[in-house]
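Peer 1: Numbering-wise (UniProt numbering), the sequence shown opens with residue 1 and increments by one. Backbone N, C-alpha and C fix where the C-beta goes; we use that ideal spot for every residue, glycine too. Just passing along the structure, written as structure tokens.
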Amino acid sequence: MNHLQHHRFFGQTGQQQGAALVVSLILLVIVTLLGLAAIRGITQEERMANHSLDRSLAFQASEAALREIEQLVEAKKPTPTAGCSKVANLMSCAPPAATDSPRWLDSTFASWTALDLPIGSGSLAVTPQYFVEYLGANFECQPGEGTSSGITCKRYRITARSNDGTNGRSTVMLQSIYATD
Numbered sequence: 001m002n003h004l005q006h007h008r009f010f011g012q013t014g015q016q017q018g019a020a021l022v023v024s025l026i027l028l029v030i031v032t033l034l035g036l037a038a039i040r041g042i043t044q045e046e047r048m049a050n051h052s053l054d055r056s057l058a059f060q061a062s063e064a065a066l067r068e069i070e071q072l073v074e075a076k077k078p079t080p081t082a083g084c085s086k087v088a089n090l091m092s093c094a095p096p097a098a099t100d101s102p103r104w105l106d107s108t109f110a111s112w113t114a115l116d117l118p119i120g121s122g123s124l125a126v127t128p129q130y131f132v133e134y135l136g137a138n139f140e141c142q143p144g145e146g147t148s149s150g151i152t153c154k155r156y157r158i159t160a161r162s163n164d165g166t167n168g169r170s171t172v173m174l175q176s177i178y179a180t181d
């Protein structure tokens, strides 16, 4: 009788080995899925970091262009009379009509001018573009001062835009209103 019980014990051991194989395969599948999820997360984080760098470079280029053009406007004070043209070597546009759509939103607007002010280097180099809109000369120089004092200032809307240096994934457009006497 002991002999029969001994055979049953060996039979149960064989079944346990098969169950261990199935459990091992299930664990292997789970670990593989966890690994794939981790790789997907790392890839997403890398994309986000690249986008952040692209956006930062484009922003820096647009901001530098605004500052540079503000200095040129202060020095040259262009006053275009119609359309857009280079006035004193600065791309300037006449005041827009009230019914016109904003020039910076117009995809057919062709007076964006590249500014020789590269930001970054190599494949990350960014060259900003700009245009200046002359808004007129009858504005108060200091807020709340009014024009009754007889002192008025010229106002310009400066628009600058930049794409990242790689493939245009990030575009940044900045504007400033600049007043000068």
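Which runs of the beta strand (DSSP E), 3 residues or longer, sit entirely within the region 23-88?
Peer 2: For the region 23-88, whole beta strand (DSSP E) runs of length 3 or above, ordered along the chain, are 84-87.
Peer 1: Just curious, the beta strand (DSSP E) that glycine 136 is in, first and last residue?
Peer 2: Within the sequence shown, numbered from 1, the residue matching residue 136 stands at position 136. Unbroken beta strand (DSSP E) run through glycine 136: 129-140.
Peer 1: Quick one: using the 10 Å Cβ neighbour count with 16 as the cut-off for buried, is serine 170 buried or exposed?
Peer 2: Residue numbering aside, residue 170 sits at position 170 when the sequence shown is read from its first letter. Classification for serine 170: buried.
Peer 1: Mapping the DSSP letters down to three states, classify tyrosine 103 as helix, strand or coil.
Peer 2: As a working mapping, residue 103 is identified with position 103 in the sequence shown. The amino acid at residue 103 is misidentified as tyrosine; the sequence shows arginine. Helix.
Peer 1: Could you spell out where the beta strand (DSSP E) holding threonine 171 opens and where it closes?
Peer 2: Taking the sequence shown and counting its residues from 1, the one referred to as residue 171 is at position 171. Run containing threonine 171: 171-180, per the beta strand (DSSP E) assignment.
Peer 1: Could you say which of Pro80, Gly120 and Ser85 lies nearest to serine 56 if we only look at CA atoms?
Peer 2: Working through the sequence shown from its first residue, we reach residue 56 at position 56. Measuring from the Cα of serine 56, the nearest candidate turns out to be Gly120.
Peer 1: Check whether the Cβ atoms of residue 186 and threonine 113 lie closer than 8 Å to each other.
Peer 2: Past the boundaries of the shown model lies residue 186; the chain is included only from 1 to 181, so the question cannot be answered.
Peer 1: Within the same chain, show all residues whose beta-carbon is closer than 8 Å to that of valine 73, passing over the 5 residues directly before and after it, in chain order.
Peer 2: The residue labelled residue 73 in the question sits at position 73 within the sequence shown. Cβ within range, chain order: Leu90, Val132, Tyr156, Ile158, Tyr178 and Thr180.
Peer 1: For alanine 75 versus valine 172, is the C-beta spacing smaller than 8 Å?
Peer 2: On the sequence shown, residue 75 is found 75 positions in, with the first residue counted as 1. On the sequence shown, residue 172 is found 172 positions in, with the first residue counted as 1. No, these two residues do not count as a Cβ contact at 8 Å.
Peer 1: Should lysine 154 be labelled buried (16 or more other beta-carbon atoms within 10 Å of its own) or exposed?
Peer 2: Taking the sequence shown and counting its residues from 1, the one referred to as residue 154 is at position 154. Its Cβ being crowded by 16 or more others within 10 Å, lysine 154 is buried.
Peer 1: Using 8 Å for Cβ pairs, my map puts alanine 160 next to leucine 66. What's the rounded Cβ distance?
Peer 2: Translated into the one-based positions of the sequence shown, residue 160 becomes position 160. Translated into the one-based positions of the sequence shown, residue 66 becomes position 66. The Cβ separation is near 5 Å, so the contact holds.
Peer 1: Sorted by chain position, which residues of the same chain lie with C-beta nearer than 7 Å to aspartate 116's C-beta, five sequence neighbours on each side aside?
Peer 2: Position 116 of the sequence shown, counting from 1, holds the residue named residue 116. Cβ within range, chain order: n/a, list empty.
Peer 1: Skipping 5 residues on each side, what residues in its chain have a beta carbon closer than 8 Å to that of histidine 51?
Peer 2: Position 51 of the sequence shown, counted from the first residue, corresponds to residue 51. So the list reads Arg169 and Ser170, once near-sequence residues are dropped.
Peer 1: What span of residues does the beta strand (DSSP E) with alanine 160 cover, start to end?
Peer 2: Numbered from its first residue, the sequence shown carries residue 160 at position 160. Run containing alanine 160: 152-163, per the beta strand (DSSP E) assignment.
Peer 1: Just the C-alpha distance for glycine 11 and leucine 21, rounded to the nearest angstrom, thanks.
Peer 2: The sequence position of residue 11 within the sequence shown is 11, counting from 1. The sequence position of residue 21 within the sequence shown is 21, counting from 1. Because glycine 11 carries a pLDDT of 49, less than 50, the predicted location of this residue cannot be relied on, and no value is offered for it.
Peer 1: According to DSSP, which residues form a beta bridge with threonine 113?
Peer 2: Within the sequence shown, the letter at position 113 stands for residue 113. According to DSSP, which records beta bridges pairwise, threonine 113 is partnered with Tyr130.
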